[in-house]
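In my numbering, the protein residues as written are 22 to 125. For each residue, glycine too, the CB sits at the ideal point set by N, CA and C. Here the structure is laid out as structure tokens; the discussion comes afterwards.
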Amino acid sequence: MYKIDNTLNILEDQEYEFKEIKGGNPNNSIKSNVAVYATAFLNNQGGRILYGITDDRKVKGFTANASQIDEIKKDIYNCLREIQPKISANHYQIEFHSVYDKNS
Numbered sequence: 022m023y024k025i026d027n028t029l030n031i032l033e034d035q036e037y038e039f040k041e042i043k044g045g046n047p048n049n050s051i052k053s054n055v056a057v058y059a060t061a062f063l064n065n066q067g068g069r070i071l072y073g074i075t076d077d078r079k080v081k082g083f084t085a086n087a088s089q090i091d092e093i094k095k096d097i098y099n100c101l102r103e104i105q106p107k108i109s110a111n112h113y114q115i116e117f118h119s120v121y122d123k124n125s
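What follows is the structure, given as structure tokens:
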């Protein structure tokens with residue numbers, strides 16, 4: 022379970038990349054770098070990009086309603102489709118997790 026301001030028990034490494042969402046539009050933050058990190062992970066042994074987590078492992082999350090989540094997913098899929106050589110959709114997975122108040 023992810024809670025605001027909790028520190029994750031994992032470190033950034035060859036498997037994990039943390040990206041804090043800054044600004045009012047999470048979609049812009051994600052679109053700006055998803056292809057770069059996805060390509061790096063695909064050229065290695067895989068990995069996870071965790072958006073809404075700071076470099077010092079703090080959970081910050083971001084707010085998005087259902088239509089914004091659909092838009093983010095669509096944009097991620099579009100970015101991944103442009104990677105050359107083409108990658109199969111079974112090589113990646115997109116998940117959204119709820120982030121709770123620390124006192125919950």
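- Minimum Cα-Cα distance from Gly45 among the listed residues Tyr113, Phe83 and Tyr121 corresponds to Phe83.
- Comparing C-alpha distances from Ala110 to each of Leu101, Phe117 and Glu116 shows the shortest one belongs to Leu101.
- Taking a contact to require three or more Cβ pairs closer than 8 Å, the stretch 56-67 and the stretch 24-31 do not qualify as touching.
- Within the same chain, and ignoring the five residues on either side of His118 in sequence, the residues whose Cβ sits closer than 8 Å to its Cβ are Tyr23.
- Under DSSP, the beta-bridge partners assigned to Lys24 are Tyr121.
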